[in-house]
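Here is the structure we will look at.
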Amino acid sequence: MPRITSIEPGFYRIPLPTVLTDSMHGEMRTFELNTVRIRDSDGAEGVGYTFTVGRNGAAIDTILARELPEIMDGEEADEIERLWHKAWWALHYGGRGGPTVLALSAFDMALWDLKAKRANLPLWKALGGFDPKVPCYAGGIDLDLPLDKLLRQTDDNLGKGFRAIKMKVGRTNLFEDVERVKAMREHLGAGFPLMVDANMKWSVDGAIRAARALQPFDLTWLEEPTIPDDPAGHARIVREGGLPIAAGENLRTLWEFKLYIAGGAVTYPEPDVTNCGGVTPFMKIAHLAEAFNLPVTSHGAHDVTVHLLAACPNRSYLEAHGFGLERYIAEPLEIQEGFALAPKRPGHGIAFDWSGLDQIRA
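Residue 361, in numbering that gives the first Met the number 0, is where the sequence shown stops; the numbers in between run on with no holes.
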């Protein structure tokens with residue numbers, strides 16, 4: 000069996016073409032990209048990555064550079080489940096979340112890329128396969144855009160082939176959110192899939208009030224209405240707010256998702272493969288949601304996540320969440336009439352422009 004011979008991290012800061020804002024993270028001028036390249040004794044390579052919105056990338060890079068090579072020295076690359084648990088428990092006392100689980104996410108993704116390449120299969124088929132056409136929405140970071148620019152951005156996304164749209168809410172006055180969502184609904188027309196994302200802005204009572212105010216606009220979901228540390232509060236919002244709730248981009252483990260799903264705290268579980276521990280736990284979360292008859296969605300990393308949702312019978316929408324990574328990969332996500340198409344290339348199919356990334360190395 001092929002053994003891991005090297006683990007090579009990369010750490011980059013990618014400037015954003017425009018400053019992005021949401022209700023809690025503030026201004027985002029750059030994002031941090033952490034990559035990892037795993038090579039095995041047969042000379043094959045798998046690639047994984049994770050990202051931040053501007054901080055802690057150096058901590059992730061240190062874990063990938065110092066901890067994981069020692070933990071994984073000489074290990075068999077195909078034994079992904081065992082290696083995931085070995086890393087999890089080796090890093091657990093000083094980790095369990097934060098930069099540690101983001102580093103593990105990138106590492107696990109690279110192992111799956113390597114395994115699928117060795118089988119000469121696209122990742123979605125290596126994971127079991129369901130349907131390579133995945134419903135997809137455009138996720139805008141647009142809280143502070145004037146309304147006319149918000150609507151122009153929406154028209155641009157429609158022109159790119161998107162047939163579902165998400166916008167930010169969580170402005171200072173709820174009245175402003177209501178007016179903007181009303182304008183978006185009128186612009187898109189009845190029945191068009193429209194989601195809103197509050198990025199953890201409100202208290203539980205404030206979220207219930209906001210959800211009730213937004214009820215008339217036929218929203219697909221309200222996303223992250225309050226902090227992720229309050230599953231009981233989320234359950235109240237689900238029961239009393241009158242809107243479907245998406246949550247999970249800030250949850251870091253399968254067990255946190257269990258609390259949400261079993262506790263009736265989420266309608267659309269929303270793992271992010273770059274921060275929930277990687278492909279291995281993402282698929283477990285998706286199957287857990289399926290067991291509770293819930294649709295699963297995703298956050299970020301759409302070039303990889305399209306494969307994961309293409310292997311899930313209970314998938315809902317893939318989020319196309321562009322931080323500018325498409326400038327550094329050979330073949331960005333393909334969108335056709337509202338669907339993202341999972342690539343046929345072996346592995347996850349992402350080919351980074353390493354020389355281009357070298358110009359922005361952190």
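Every residue, glycine too, gets a C-beta built ideally from N, C-alpha and C.
With a threshold of 6 Å on Cβ separation, who are the neighbours of residue i within its own chain once the five nearest residues in sequence on each side are excluded?
| i | result |
| --- | --- |
| F216 | V180, R184 |
| K167 | D21, D141, L142, D196 |
| A58 | P98 |
CA-CA distance, residue i and residue j?
| i | j | result |
| --- | --- | --- |
| K148 | G139 | 12 Å |
| E175 | D196 | 14 Å |
| L218 | E66 | 44 Å |
| L221 | L324 | 26 Å |
| P8 | G42 | 17 Å |
| A163 | M0 | 45 Å |
| Y327 | E239 | 44 Å |
| L173 | R208 | 9 Å |
| D39 | A109 | 11 Å |
| A309 | P345 | 15 Å |
| E74 | A118 | 19 Å |
| K159 | I334 | 7 Å |
| F191 | F161 | 11 Å |
| S104 | T49 | 7 Å |
| R2 | I236 | 48 Å |
| G232 | L287 | 21 Å |
| L144 | V177 | 15 Å |
| P331 | W201 | 35 Å |
| I359 | L253 | 34 Å |
| P16 | S297 | 24 Å |
| K85 | D107 | 12 Å |
For residue i versus residue j, is the C-beta spacing smaller than 9 Å?
| i | j | result |
| --- | --- | --- |
| F10 | T29 | no |
| P224 | A212 | no |
| E269 | V295 | yes |
| G53 | I37 | no |
| P68 | A341 | no |
| W87 | V278 | no |
| A319 | F351 | no |
| M199 | P227 | yes |
| P134 | F281 | no |
| L307 | L122 | yes |
| N274 | V100 | yes |
| F256 | G263 | no |
| E31 | G56 | yes |
| H91 | L150 | no |
| A261 | F291 | yes |
| R251 | G276 | yes |
| Y267 | Y136 | no |
| L293 | V265 | yes |
Go through its chain and collect everything with a Cβ distance to residue i's Cβ below 8 Å, but skip five positions before and after it.
| i | result |
| --- | --- |
| K114 | G45, A76, D77, I79, A125 |
| D229 | V203 |
| Q152 | G139, D141, L144 |
| L193 | A163, I164, K165, M166, V180, M183, R184, L187, F216, D217, L218, T219 |
Taking DSSP as the reference, what is the three-state secondary structure of residue i?
| i | result |
| --- | --- |
| K159 | coil |
| E318 | strand |
| G355 | helix |
| G190 | coil |
| W201 | coil |
| G56 | helix |
| I79 | helix |
| M166 | strand |
| R2 | strand |
| M27 | strand |
| E74 | coil |
| A212 | helix |
| A339 | strand |
| R344 | coil |
| L15 | strand |
Excluding sequence positions up to five away, which residues of its chain have a Cβ less than 7 Å from the Cβ of residue i?
| i | result |
| --- | --- |
| L356 | G9, Y11, Y327 |
| S5 | R38 |
| L82 | M71, E74, L110 |
| K116 | A43, G45, P345, G346 |
| F129 | A309, A310, C311, P312 |
Would you verify that the beta carbon of residue i is, or is not, closer than 9 Å to some beta carbon of chain C?
| i | result |
| --- | --- |
| H347 | Annotation note: the requested chain C is absent from the structure, which comprises a single protein chain. |
**Report entry** 4-residue-minimum alpha helix (DSSP H) runs that sit fully inside the stretch 237–301, ordered along the chain
**Finding:** Contiguous alpha helix (DSSP H) elements confined to the stretch 237–301 occur at 253–261, 278–290, taking only those with 4 or more residues.
Requested in this report: Go through the stretch 73–131 residue by residue and report every complete run of the alpha helix (DSSP H) that reaches 4 residues or more, in order.
Outcome: Listed in chain order, the complete alpha helix (DSSP H) runs (minimum 4 residues) inside the stretch 73–131 are 79–90, 97–117, 122–125.
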